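Accompanying notes for the structure given below.
There are 2 protein chains.
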Amino acid sequence: MPEFDLMRRLHRAGRQKVILLILDGLGGLPIEPDGPTELETARTPNMDRLAAEGILGQIVPVRLGITPGSGPAHLALFGYDPLTFDVGRGVLEATGVGMHVAAGDVAARGNFCTLDSEGKIVDRRAGRIPSQEALPLVERLAGISIPDVEIEVRHVREYRFAVVLRGQGLDPSLADTDPQQTGRAPLPVEPTAPEATRTAQIFNTWVEQARSLLSDQPKANGLTLRGFSTNPSLPQFDEIYGLKAAAVAVYPMYRGVAKLVGMEIHHFEGESPQDEFAAVASAWNEYDFFFIHIKKTDSKGEDGDFHGKAAIIESVDGALPQLLDLGPAALAITGDHSTPARMKTHSWHPVPLLLWAPQTVRPDNQRSFGERACATGGLGTLPATDLLPLLLAHAGRLNKYGA
Amino acid sequence: MPEFDLMRRLHRAGRQKVILLILDGLGGLPIEPDGPTELETARTPNMDRLAAEGILGQIVPVRLGITPGSGPAHLALFGYDPLTFDVGRGVLEATGVGMHVAAGDVAARGNFCTLDSEGKIVDRRAGRIPSQEALPLVERLAGISIPDVEIEVRHVREYRFAVVLRGQGLDPSLADTDPQQTGRAPLPVEPTAPEATRTAQIFNTWVEQARSLLSDQPKANGLTLRGFSTNPSLPQFDEIYGLKAAAVAVYPMYRGVAKLVGMEIHHFEGESPQDEFAAVASAWNEYDFFFIHIKKTDSKGEDGDFHGKAAIIESVDGALPQLLDLGPAALAITGDHSTPARMKTHSWHPVPLLLWAPQTVRPDNQRSFGERACATGGLGTLPATDLLPLLLAHAGRLNKYGA
Numbered sequence: 004m005p006e007f008d009l010m011r012r013l014h015r016a017g018r019q020k021v022i023l024l025i026l027d028g029l030g031g032l033p034i035e036p037d038g039p040t041e042l043e044t045a046r047t048p049n050m051d052r053l054a055a056e057g058i059l060g061q062i063v064p065v066r067l068g069i070t071p072g073s074g075p076a077h078l079a080l081f082g083y084d085p086l087t088f089d090v091g092r093g094v095l096e097a098t099g100v101g102m103h104v105a106a107g108d109v110a111a112r113g114n115f116c117t118l119d120s121e122g123k124i125v126d127r128r129a130g131r132i133p134s135q136e137a138l139p140l141v142e143r144l145a146g147i148s149i150p151d152v153e154i155e156v157r158h159v160r161e162y163r164f165a166v167v168l169r170g171q172g173l174d175p176s177l178a179d180t181d182p183q184q185t186g187r188a189p190l191p192v193e194p195t196a197p198e199a200t201r202t203a204q205i206f207n208t209w210v211e212q213a214r215s216l217l218s219d220q221p222k223a224n225g226l227t228l229r230g231f232s233t234n235p236s237l238p239q240f241d242e243i244y245g246l247k248a249a250a251v252a253v254y255p256m257y258r259g260v261a262k263l264v265g266m267e268i269h270h271f272e273g274e275s276p277q278d279e280f281a282a283v284a285s286a287w288n289e290y291d292f293f294f295i296h297i298k299k300t301d302s303k304g305e306d307g308d309f310h311g312k313a314a315i316i317e318s319v320d321g322a323l324p325q326l327l328d329l330g331p332a333a334l335a336i337t338g339d340h341s342t343p344a345r346m347k348t349h350s351w352h353p354v355p356l357l358l359w360a361p362q363t364v365r366p367d368n369q370r371s372f373g374e375r376a377c378a379t380g381g382l383g384t385l386p387a388t389d390l391l392p393l394l395l396a397h398a399g400r401l402n403k404y405g406a
Numbered sequence: 004m005p006e007f008d009l010m011r012r013l014h015r016a017g018r019q020k021v022i023l024l025i026l027d028g029l030g031g032l033p034i035e036p037d038g039p040t041e042l043e044t045a046r047t048p049n050m051d052r053l054a055a056e057g058i059l060g061q062i063v064p065v066r067l068g069i070t071p072g073s074g075p076a077h078l079a080l081f082g083y084d085p086l087t088f089d090v091g092r093g094v095l096e097a098t099g100v101g102m103h104v105a106a107g108d109v110a111a112r113g114n115f116c117t118l119d120s121e122g123k124i125v126d127r128r129a130g131r132i133p134s135q136e137a138l139p140l141v142e143r144l145a146g147i148s149i150p151d152v153e154i155e156v157r158h159v160r161e162y163r164f165a166v167v168l169r170g171q172g173l174d175p176s177l178a179d180t181d182p183q184q185t186g187r188a189p190l191p192v193e194p195t196a197p198e199a200t201r202t203a204q205i206f207n208t209w210v211e212q213a214r215s216l217l218s219d220q221p222k223a224n225g226l227t228l229r230g231f232s233t234n235p236s237l238p239q240f241d242e243i244y245g246l247k248a249a250a251v252a253v254y255p256m257y258r259g260v261a262k263l264v265g266m267e268i269h270h271f272e273g274e275s276p277q278d279e280f281a282a283v284a285s286a287w288n289e290y291d292f293f294f295i296h297i298k299k300t301d302s303k304g305e306d307g308d309f310h311g312k313a314a315i316i317e318s319v320d321g322a323l324p325q326l327l328d329l330g331p332a333a334l335a336i337t338g339d340h341s342t343p344a345r346m347k348t349h350s351w352h353p354v355p356l357l358l359w360a361p362q363t364v365r366p367d368n369q370r371s372f373g374e375r376a377c378a379t380g381g382l383g384t385l386p387a388t389d390l391l392p393l394l395l396a397h398a399g400r401l402n403k404y405g406a
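Residue numbers (the working numbering), protein chains in the order written: chain A, 4 to 406; chain B, 4 to 406.
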């Protein structure tokens with residue numbers, strides 16, 4: 004992308020730090036037309052102060068009207084147009100749990116499921132078995148071996164795992180085996196391009212052996228595979244922006260997308276916003292850029308829990324002084340996409356954006372952080388891919404273009 | 004660019020006049036988050052009336068977050084995407100002082116500097132010697148001759164001059180010789196591509212002779228060269244927009260960029276806004292389009308002089324009735340980029356835009372011309388390259404697209 008060339012050419016070394024704080028699925032909807040959204044409901048005195056001192060706007064993750072998955076939405080936040088850079092879900096998940104996926108390897112997400120006596124799915128998530136039940140089953144699967152290839156399996160969370168297939172001449176052009184409904188058997192692995200025929204055969208052999216190893220299980224006696232993909236060899240974040248970047252995220256997928264763009268995963272104990280911000284503090288001197296990912300705003304949105312989502316936002320707001328005390332030169336608070344509790348799912352609505360930089364931001368007239376304030380904020384409505392250049396500029400980490 | 008093809012296809016002849024009034028570095032920042040900017044501080048009754056009757060918005064010169072130099076910023080105002088059209092500073096400066104730079108010639112900016120006995124720079128601007136001291140030195144340099152090439156030297160202002168090298172097989176791929184700091188000697192002219200090796204040798208020979216001619220000088224006993232470049236053969240303004248265009252500017256560089264896109268330079272006496280507007284009046288019947296450039300807003304911004312910048316804006320506002328009396332069909336008042344006094348330098352912040360057209364503009368709710376009003380103006384935030392089509396449309400100089 005020519006924008007990357009511009010960043011490569013203009014980025015400037017410095018000690019100023021940049022924070023990108025992502026509240027997953029932040030954007031919401033009011034219950035009643037004239038009522039507040041989740042973000043507008045939440046009491047957020049810290050964010051409101053930053054909104055008054057800083058500038059608001061709203062970002063469009065992919066294109067207007069397009070509801071993004073988490074992978075494309077995060078790529079966009081990092082400046083990678085998701086219509087140009089296609090990253091599969093399998094490689095995101097596998098990378099997120101620390102597996103190495105080289106270009107040419109094929110990664111997939113796996114779900115345990117419950118099959119009836121005819122082999123039809125009765126529960127697509129195997130009763131959401133807890134991690135301690137799933138772990139030994141993943142270990143069984145790890146014992147499968149197939150000639151000429153290497154297969155690595157790793158547990159992700161509850162009923163979910165990741166598989167990486169390594170060998171010569173593999174191709175990820177394969178269709179998901181999850182039929183997306185109960186009452187149907189898992190589909191065989193089918194190639195969507197002739198080059199992937201052999202890869203499909205290998206995966207089908209593996210699935211057959213796995214089924215046999217799981218046949219004694221009451222809940223997790225079957226599995227489905229999704230998101231077959233390889234490492235897309237993305238241009239790397241530090242090379243583009245000149246920033247050494249750390250990702251502070253609890254969930255594997257977000258670590259995965261951060262790692263694929265070249266960020267380092269900063270490991271830490273705990274799951275709360277306080278824990279995540281403390282992790283940032285502990286690594287403050289080692290990095291230029293911190294991507295912090297808060298998952299539960301999205302989870303509450305998907306649950307349809309309007310007030311639960313507002314409460315998560317309040318908990319982030321309460322912990323915010325920890326982050327501000329570190330003295331970032333520029334801070335953005337936004338989401339990867341909207342997940343209105345009212346819709347219980349991701350949506351296409353633009354995402355509220357708060358940009359704060361004590362030395363350089365041009366304030367607008369807004370006084371609080373919320374969807375309506377952001378829609379008339381001074382930054383206007385912008386593509387998510389423009390956020391990183393704005394952050395770098397506000398942190399004094401970009402040189403002038405032309406004389 | 005496809006946008007140019009659209010303009011070529013749709014532009015319409017007419018007698019309606021268009022004015023583009025540029026206050027260089029217009030955009031600013033408040034000193035305190037809730038305080039006014041320079042433009043918001045300035046008392047501007049005329050602009051405020053136009054703001055009430057017209058529509059506001061803000062323009063992004065190059066891309067969000069990108070701080071432009073004056074060359075790219077002006078190209079963008081004229082509709083030329085500066086990432087597509089690259090114009091060197093040397094050709095801008097040389098063209099601005101009326102030198103002819105053909106495609107294949109190599110132009111450069113020159114600075115006199117002060118060297119110590121070891122040849123190291125002690126003052127990069129030769130004590131900012133006044134023009135009357137520099138002029139005879141430029142005449143000395145003009146006497147240098149080198150076989151097979153023609154070298155023209157012309158004084159620009161104070162310690163600055165321009166050089167144009169003409170001949171066969173020249174190439175402008177040369178690095179600046181200004182080391183950008185004192186205590187170091189000027190660098191030799193180095194080629195950045197093998198094709199420019201001979202051109203570098205010629206310039207080095209010229210510099211050597213120049214040094215010898217300047218050796219008796221107390222202040223201007225050395226020189227540096229920057230911005231080596233040739234004529235980029237830009238598509239021409241009248242051919243794209245169907246407008247005969249005049250540039251009214253005091254400073255050479257802005258005349259240079261106007262001339263490179265094919266505008267005619269309208270010469271006049273004086274430097275004040277009144278002088279510039281009187282120049283427009285004197286040429287009113289000869290042109291369709293007037294680019295007026297006010298430099299001092301930027302100069303005051305670079306000096307960090309917040310109130311001085313506001314005073315310049317007030318002086319432009321005071322003279323504005325002169326311009327309005329001419330009866331333009333469409334008028335835009337904006338800047339090429341922001342130069343907040345608080346930052347003392349160009350910045351990436353969007354630039355306030357006021358668009359006024361008595362017959363055709365759709366007013367918004369804004370009542371005064373300022374950054375906050377513009378950020379929520381009816382035009383929204385738009386690329387600078389969209390301004391010319393908007394001006395032509397409001398002046399009735401564009402046909403309908405499609406039936």
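Positions of the beta carbon are idealized from the N, C-alpha and C atoms, including for glycine. Note that the structure is predicted; figures quoted are calculated from it, not measured.
Per DSSP, the bridge partner or partners of residue i
| i | result |
| --- | --- |
| S350 (chain B) | B:S341 |
| A165 (chain A) | A:R112, A:R157 |
| E267 (chain B) | B:A249 |
| V21 (chain B) | B:F292, B:A333 |
| E124 (chain B) | Going by the sequence as given, residue 124 (chain B) is Ile instead of Glu. I124 (chain B) pairs with B:L118. |
| L395 (chain A) | L395 (chain A) is not bridged to any residue. |
| L323 (chain A) | The partner list for L323 (chain A) (beta bridge, DSSP) is empty, contrary to what the question assumes. |
Collapsed DSSP secondary structure at residue i in the structure displayed
| i | result |
| --- | --- |
| T47 (chain A) | coil |
| W287 (chain B) | coil |
| R400 (chain A) | coil |
| G225 (chain B) | strand |
| F294 (chain A) | strand |
| L140 (chain A) | helix |
| H310 (chain B) | helix |
| E279 (chain B) | helix |
| A129 (chain A) | helix |
| I149 (chain A) | coil |
Rounded C-alpha distance that separates residue i from residue j
| i | j | result |
| --- | --- | --- |
| L394 (chain B) | I22 (chain B) | 8 Å |
| P191 (chain B) | G122 (chain B) | 12 Å |
| R258 (chain B) | A250 (chain B) | 7 Å |
| I154 (chain A) | N224 (chain A) | 20 Å |
| S73 (chain B) | G405 (chain A) | 8 Å |
| G380 (chain B) | D119 (chain B) | 55 Å |
| F293 (chain A) | V90 (chain B) | 37 Å |
| L168 (chain A) | I132 (chain A) | 25 Å |
| Q171 (chain B) | K403 (chain A) | 33 Å |
| P221 (chain A) | D126 (chain A) | 11 Å |
| E242 (chain B) | R365 (chain A) | 38 Å |
| L13 (chain A) | L390 (chain A) | 16 Å |
| V354 (chain A) | F372 (chain A) | 11 Å |
At 4 residues or longer, and completely inside the segment 28–112 of chain A: list those alpha helix (DSSP H) runs for me, N to C. 41–44, 48–56, 73–80, 92–99
Fully enclosed by the segment 350–390 of chain B, which beta strand (DSSP E) runs are 3 residues long or longer? 354–359, 384–386
Can you pull out the residues from the segment 173–195 of chain A whose beta carbon lies closer than 8 Å to at least one beta carbon of chain B? none
Hey, which unbroken runs of the beta strand (DSSP E) at 3 residues or more fall wholly within the segment 174–261 of chain A? 225–232, 248–252
At a CB distance below 7 Å, what residues from the segment 66–82 of chain B approach chain A? Give them in sequence order. R66, L67, G68, I69, T70, P71, G72, G74, P75
Closer than 9 Å between beta carbons: that is the criterion. Which residues of the segment 363–376 of chain A meet it against chain B? T363, V364, R365, P366, D367, N368
Can you list, in chain order, the residues of the segment 373–402 of chain A whose Cβ is nearer than 9 Å to any Cβ on chain B? T379, G380, G381, L382, G383, T384, L385, P386, D389, L390, L391, P392, L393, L394, L395, A396, H397, L401, N402
Contact residues within the segment 287–300 of chain B, judged by C-beta distance below 8 Å to chain A: none
Return the residues of the segment 42–58 of chain A that lie within a Cβ-Cβ distance of less than 9 Å from chain B, sorted by chain order. A55, E56, G57, I58
Contact residues within the segment 259–271 of chain B, judged by C-beta distance below 8 Å to chain A: none
Which residues of the segment 234–249 of chain B have a Cβ closer than 8 Å to any Cβ of chain A? Give them in chain order. none
Please list the residues of the segment 338–351 of chain A that have a C-beta atom closer than 9 Å to any C-beta atom in chain B, keeping them in chain order. none
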